[in-house]
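Residue numbers (this note's numbering): 49 to 219.
All C-beta atoms in this analysis are idealised placements derived from N, C-alpha and C, irrespective of residue type, glycine included.
Keep in mind that this is a model prediction, so the values were computed, not measured.
Everything on this sheet refers to the single structure shown next.
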């Protein structure tokens, strides 16, 4: 990716990492009475994004991007000493179900204090990919640089997202 903002083939670039914490996340994708995630929030392609991408106003619950889907396509790049070249260049579609907060240990990846600010690696957006079932690792992805674009969630995601607390407006 080159330029400012970092772009590749006309699309904005983003950094990625992986995580698994077993919690329902900032979009409430788990049982109302328990801070555990739904099985699909562990096993599928879902992501936490940096806080200012999650919500322009910095909300930490039910942000504007909850339930939105993004196509992530590896560029072949990665951040030295933080990952490796991806073995698969196939795009995946992720749904936003969580945020990556502006706090340690996330500061170098998710420390953007304003929407138009970059992280320590030069990216406006960061996708922290749920890896609870090794679904990202099995792709051969080790924190690759990706391009991203908003896409339609398809058939399965809207049904699943309706289970999340932030989809109802009654949170």
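Residue 198 and residue 118: beta carbons closer than 9 angstroms? A contact, by the Cβ cut-off of 9 angstroms.
Leaving out five residues on either side along the sequence, give the residues of the same chain with a beta carbon under 7 angstroms from the beta carbon of residue 150. 99, 158, 159, 161
Cβ shell of residue 58 (< 6 angstroms), same chain only, five flanking positions each side left out: Once the five neighbours on either side are set aside, residue 58 has no close Cβ partner at all.
Output the boundary residues of the alpha helix (DSSP H) element that contains residue 158. Per DSSP, residue 158 belongs to the alpha helix (DSSP H) from 155–158.
Quick check on the DSSP output: the beta strand (DSSP E) that includes residue 104 runs from which residue to which? Unbroken run through residue 104: none, as it is neither H nor E.
With DSSP collapsed to three states, give me the class of residue 40. An answer regarding residue 40 cannot be provided, because it is not within the stretch 49 to 219 covered by the chain.
Buried or exposed, going by whether 16 or more other CB atoms sit within 10 Å of the CB of residue 69? exposed
Nearest-angstrom Cα separation, counted from residue 196 out to residue 186: 20 angstroms
Answer with buried or exposed for residue 50, where buried requires no fewer than 16 other C-beta atoms within 10 angstroms of its C-beta. exposed
Report yes or no: is there a C-beta of chain C within less than 9 angstroms of the C-beta of residue 162? You won't find chain C in this structure, because it holds only one protein chain.
What separation, rounded to the nearest whole angstrom, lies between the Cα atoms of residue 190 and residue 212? Going from the Cα of residue 190 to the Cα of residue 212 covers about 29 angstroms.
Start and end of the beta strand (DSSP E) containing residue 176? In the DSSP annotation of this structure, the continuous segment of the beta strand (DSSP E) that includes residue 176 starts and ends at 173–178.
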